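Student:
2 protein chains.
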Amino acid sequence: MTDYILGPDPADPKLTRQVDGIDQDGNPVDTSVVVERPLTLFLNGQEIVTNMTIGDYPDYLAVGYLLNQNMLRQDDVITGIDYDEDLETVIVRTERETNYEEKLKKKVRTSGCAQGTVFGDLMEKIEDTKLPAGAVLRTSWLQTLTKAINTTDSLYLQAGAIHGCVLCQEDRPLVYMEDVGRHNAVDKIAGYMFLNGISAADKIFYTTGRLTSEMVIKTVQMGIPILVSRSGFTAWGVELARETNLTLIGRARGRRFTALAGLDRIVFDATAEEGEEEPARLRRKGSLPPDAA
Amino acid sequence: MTDYILGPDPADPKLTRQVDGIDQDGNPVDTSVVVERPLTLFLNGQEIVTNMTIGDYPDYLAVGYLLNQNMLRQDDVITGIDYDEDLETVIVRTERETNYEEKLKKKVRTSGCAQGTVFGDLMEKIEDTKLPAGAVLRTSWLQTLTKAINTTDSLYLQAGAIHGCVLCQEDRPLVYMEDVGRHNAVDKIAGYMFLNGISAADKIFYTTGRLTSEMVIKTVQMGIPILVSRSGFTAWGVELARETNLTLIGRARGRRFTALAGLDRIVFDATAEEGEEEPARLRRKGSLPPDAA
Numbered sequence: 001m002t003d004y005i006l007g008p009d010p011a012d013p014k015l016t017r018q019v020d021g022i023d024q025d026g027n028p029v030d031t032s033v034v035v036e037r038p039l040t041l042f043l044n045g046q047e048i049v050t051n052m053t054i055g056d057y058p059d060y061l062a063v064g065y066l067l068n069q070n071m072l073r074q075d076d077v078i079t080g081i082d083y084d085e086d087l088e089t090v091i092v093r094t095e096r097e098t099n100y101e102e103k104l105k106k107k108v109r110t111s112g113c114a115q116g117t118v119f120g121d122l123m124e125k126i127e128d129t130k131l132p133a134g135a136v137l138r139t140s141w142l143q144t145l146t147k148a149i150n151t152t153d154s155l156y157l158q159a160g161a162i163h164g165c166v167l168c169q170e171d172r173p174l175v176y177m178e179d180v181g182r183h184n185a186v187d188k189i190a191g192y193m194f195l196n197g198i199s200a201a202d203k204i205f206y207t208t209g210r211l212t213s214e215m216v217i218k219t220v221q222m223g224i225p226i227l228v229s230r231s232g233f234t235a236w237g238v239e240l241a242r243e244t245n246l247t248l249i250g251r252a253r254g255r256r257f258t259a260l261a262g263l264d265r266i267v268f269d270a271t272a273e274e275g276e277e278e279p280a281r282l283r284r285k286g287s288l289p290p291d292a293a
Numbered sequence: 294m295t296d297y298i299l300g301p302d303p304a305d306p307k308l309t310r311q312v313d314g315i316d317q318d319g320n321p322v323d324t325s326v327v328v329e330r331p332l333t334l335f336l337n338g339q340e341i342v343t344n345m346t347i348g349d350y351p352d353y354l355a356v357g358y359l360l361n362q363n364m365l366r367q368d369d370v371i372t373g374i375d376y377d378e379d380l381e382t383v384i385v386r387t388e389r390e391t392n393y394e395e396k397l398k399k400k401v402r403t404s405g406c407a408q409g410t411v412f413g414d415l416m417e418k419i420e421d422t423k424l425p426a427g428a429v430l431r432t433s434w435l436q437t438l439t440k441a442i443n444t445t446d447s448l449y450l451q452a453g454a455i456h457g458c459v460l461c462q463e464d465r466p467l468v469y470m471e472d473v474g475r476h477n478a479v480d481k482i483a484g485y486m487f488l489n490g491i492s493a494a495d496k497i498f499y500t501t502g503r504l505t506s507e508m509v510i511k512t513v514q515m516g517i518p519i520l521v522s523r524s525g526f527t528a529w530g531v532e533l534a535r536e537t538n539l540t541l542i543g544r545a546r547g548r549r550f551t552a553l554a555g556l557d558r559i560v561f562d563a564t565a566e567e568g569e570e571e572p573a574r575l576r577r578k579g580s581l582p583p584d585a586a
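Line by line, the protein sequences are chains Y and P. The opening residue of the first sequence carries number 1 in this note's numbering; numbering runs sequentially from there. The opening residue of the second sequence carries number 294 in this note's numbering; numbering runs sequentially from there.
Rendered as structure tokens:
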């Protein structure tokens with residue numbers, strides 16, 4: 001078994017709800033579904049965003065969101081994080097006075113969706129970023145990691161309909177976050193890293209989601225040099241990964257994967273005998289039919 | 294084979310790109326990845342949003358987005374849709390003068406992500422909606438539909454990393470849209486329906502994505518009484534479906550499914566012999582391991 005610093009807690013009664021319905025034959029079923037609730041985030045006096053989340057780590061989500069939106073700087077001193085469960089709000093307070101009124105306005109002018117919204121800003125920041133060459137990814141680690149992650153008792157295995165992201169080091173998954181919100185799982189890991197002073201340069205980021213431009217930008221911004229997904233690529237994601245020297249590995253299932261950027265970091269030490277096809281019961285969202293890989 | 298009115302066109306060279314990389318043994322691979330490009334939408338003189346899209350139906354996407362954001366009304370007369378491929382813009386013009394400055398501002402105050410953004414507004418509109426009871430879903434149709442959709446030659450089968458939505462009637466898939474953007478596929482179908490005067494009350498909506506509150510709201514707003522997904526549920530999605538009398542079917546794979554709302558519309562006419570387990574090669578994203586279904 002894996003010793004997570006922080007792992008999923010599918011037994012937490014706040015995260016799922018039992019719902020009754022029927023199956024394909026009309027028989028009654030009682031099934032577990034993931035909870036989804038709003039969380040409104042304030043930075044000092046300013047309302048920033050309302051996220052739909054499972055609500056397990058409002059502090060990490062709040063800080064990670066602000067970091068990934070460039071509203072919180074690495075050298076900012078956080079003086080308080082106040083979460084109010086009843087009001088469904090979280091307030092992050094910093095020593096530095098903040099005012100993102102102009103940024104929030106600009107967001108509207110350039111875009112109304114989360115993806116487009118942050119894009120202009122983030123692009124500016126990562127434009128000149130080159131991730132350092134030092135990090136290494138052994139293919140044997142990758143096999144150990146994917147197996148450990150897929151067999152971890154999670155909300156996904158219990159209720160489905162959820163994204164997962166895992167911060168890893170070598171062959172060890174360290175922090176496994178899940179969320180209904182597309183990027184909440186990423187943001188929660190970013191918040192965890194910031195609040196606990198975790199280094200990024202020696203880490204591997206694993207996600208169940210697709211390797212879009214936005215996912216690549218967030219990983220680069222977090223300073224993590226290696227991004228691995230069960231799922232596939234978009235052309236722009238590949239392009240940005242190449243420009244920033246991010247190692248980009250997709251369609252990672254069982255022994256198989258496809259690497260499309262940052263190939264120099266990969267060390268091929270897994271032997272064919274160790275590797276095996278992924279058993280069907282471990283397949284999950286993002287799995288491609290064999291002929292599409 | 295299925296006769297789509299409008300189906301995927303995986304052979305369109307604009308939608309995918311060949312990229313070279315390596316596989317798990319370091320051997321060179323040449324693989325197909327989906328394109329992702331920005332499209333900035335204007336309504337009359339006003340810039341509304343920049344969406345990341347594969348870019349295949351900018352007109353349907355634009356109109357569907359505006360409808361689903363309540364910026365275009367069912368009785369609006371569209372006087373022109375101008376798409377400029379080089380500028381990556383699409384302009385929708387209406388007889389009615391429009392100004393959503395206040396709405397766009399409000400978006401920022403209440404939320405910064407696409408999900409939260411539209412929420413306040415949409416909730417108001419669907420609050421008193423009750424979908425009519427007349428429509429029917431036969432379980433035999435469901436089997437035919439899922440098989441036809443899964444075996445359709447699509448961008449998903451060719452390159453992965455893409456969402457799919459299908460407008461269906463009885464056991465026939467009619468319009469199959471794919472997109473990298475989370476809701477673009479839905480919006481393109483809404484735009485198609487509006488521009489071609491397609492009725493909603495006798496249709497079934499199939500999606501590869503999760504049945505979240507937002508997906509339920511959009512389907513209800515489109516007036517479609519039955520929503521089917523390969524993927525799972527969130528608690529709020531189930532709650533909203535029950536309130537609006539939407540038939541909500543998830544985890545639909547092969548013969549199996551789970552229905553959690555609007556059960557009265559389901560007619561159980563599929564025999565066990567017709568049904569079969571879904572072959573492994575047809576599994577795709579959203580598939581749950583058998584023990585989680």
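Beta carbons: idealized from backbone N, C-alpha and C, even for Gly. On a predicted model such as this, the values are computed, not experimentally measured, just so you know.
What does Val34 of chain Y reach in chain P if we use C-beta pairs closer than 8 Å?
Tutor: Those within 8 Å of Val34 of chain Y in chain P are Gly525, Phe526, Thr527, Ala528.
Student: Looking at the C-beta of Pro24 of chain Y, does it have a partner C-beta in chain P at a distance below 8 Å?
Tutor: It is worth fixing the name first, because residue 24 of chain Y is Gln in this sequence and not Pro. Closer than 8 Å: yes.
Student: Within this structure, are the beta carbons of Arg509 of chain P and Gly490 of chain P separated by less than 8 Å?
Tutor: According to the sequence shown, residue 509 of chain P is Val rather than Arg. Their beta carbons are not under 8 Å apart, which means Val509 of chain P does not touch Gly490 of chain P by this criterion.
Student: Three or more C-beta pairs closer than 8 Å, one from the region 450-458 of chain P and one from the region 476-488 of chain P: is that the case here?
Tutor: Counting Cβ pairs under 8 Å, three or more are found: they touch.
Student: Taking only the alpha-carbon atoms, compute the straight-line gap between Ile81 of chain Y and Gly55 of chain Y and give it to the nearest angstrom.
Tutor: If you take the alpha carbons of Ile81 of chain Y and Gly55 of chain Y, they lie about 15 Å apart.
Student: For Leu39 of chain Y and Asn70 of chain Y, I'd like the C-alpha separation in whole angstroms.
Tutor: Distance between the alpha carbons of Leu39 of chain Y and Asn70 of chain Y: 19 Å.
Student: List the residues of chain Y whose Cβ lies closer than 8 Å to the Cβ of Arg549 of chain P, in chain order.
Tutor: Those within 8 Å of Arg549 of chain P in chain Y are Asp23, Gln24.
Student: Give the residues of chain P in contact with Thr212 of chain Y, contact being defined as C-beta atoms less than 8 Å apart.
Tutor: Here the neighbours are Glu329, Met345, Ala454, Val473.
Student: Examine the ligand SAH and report whether any of its heavy atoms sits within less than 7 Å of the Cβ of Arg242 of chain Y.
Tutor: As presented, the structure is devoid of all ligands, the ligand SAH included, so that no description of it is given.
Student: Just to confirm the assignment, what range does the beta strand (DSSP E) spanning Arg93 of chain Y have?
Tutor: From DSSP, the beta strand (DSSP E) with Arg93 of chain Y extends over 89-94.
Student: Would you mind listing the beta strand (DSSP E) stretches within the region 29-90 of chain Y that are 3+ residues and don't spill past its ends, in chain order?
Tutor: As far as the region 29-90 of chain Y is concerned, its whole beta strand (DSSP E) runs of at least 3 residues are 37-43, 46-53, 78-84.
Student: List the endpoints of the continuous alpha helix (DSSP H) containing Val531 of chain P.
Tutor: Val531 of chain P -> alpha helix (DSSP H) spans 528-537.
Student: Between Gln46 of chain Y and Asp75 of chain Y, what straight-line distance do the alpha-carbon atoms span, to the nearest angstrom?
Tutor: Their backbone Cα atoms lie some 20 Å apart in a straight line.
Student: For Val322 of chain P, decide whether its Cβ has a neighbour in chain Y, counting only Cβ atoms nearer than 8 Å.
Tutor: Yes, Val322 of chain P lies at the interface with chain Y (some Cβ there is under 8 Å from its Cβ).
Student: Just the chain P side, please: which residues come within less than 7 Å of Thr139 of chain Y by C-beta, in chain order?
Tutor: Per Cβ cutoff of 7 Å: Gln317.
Student: Would you decide whether Gly427 of chain P is buried or exposed? Buried here means 16 or more other CB atoms lie within 10 Å of its CB.
Tutor: Gly427 of chain P is exposed by the Cβ-count criterion.
Student: Which same chain residues, not among the five before or five after Asp269 of chain Y, have their C-beta less than 7 Å away from its C-beta?
Tutor: These residues qualify, in order along the chain: Arg138, Thr139, Ser140.
Student: For the region 13-30 of chain Y and the region 510-519 of chain P, state whether three or more C-beta atom pairs, one from each stretch, are separated by less than 8 Å.
Tutor: Verdict: no, contact absent.
Student: May I have the straight-line CA-CA distance separating Gly309 of chain Y from Ala552 of chain P, to the nearest angstrom?
Tutor: The structure shown has nothing for residue 309 of chain Y, since chain Y only spans 1 to 293.
Student: If you follow the alpha helix (DSSP H) that Thr422 of chain P is in, where does it begin and where does it stop?
Tutor: Unbroken run through Thr422 of chain P: none, as it is neither H nor E.
Student: Using only the alpha-carbon positions, how far apart do Glu381 of chain P and Arg253 of chain Y sit?
Tutor: Using only the alpha carbons, I get a separation of about 36 Å.
Student: For a cutoff of 8 Å on Cβ pairs, would you count Arg310 of chain P as touching chain Y?
Tutor: Arg310 of chain P counts as touching chain Y.
Student: How many angstroms separate the CA atom of Ala148 of chain Y from the CA atom of Glu170 of chain Y?
Tutor: Distance between the alpha carbons of Ala148 of chain Y and Glu170 of chain Y is about 13 Å.
Student: In the structure shown, what three-state DSSP assignment does Ile22 of chain Y receive?
Tutor: Here Ile22 of chain Y sits in strand by DSSP.
Student: Have a look at Leu72 of chain Y and Ala261 of chain Y and give me their C-alpha separation to the nearest angstrom.
Tutor: Cα to Cα, Leu72 of chain Y sits roughly 29 Å from Ala261 of chain Y.
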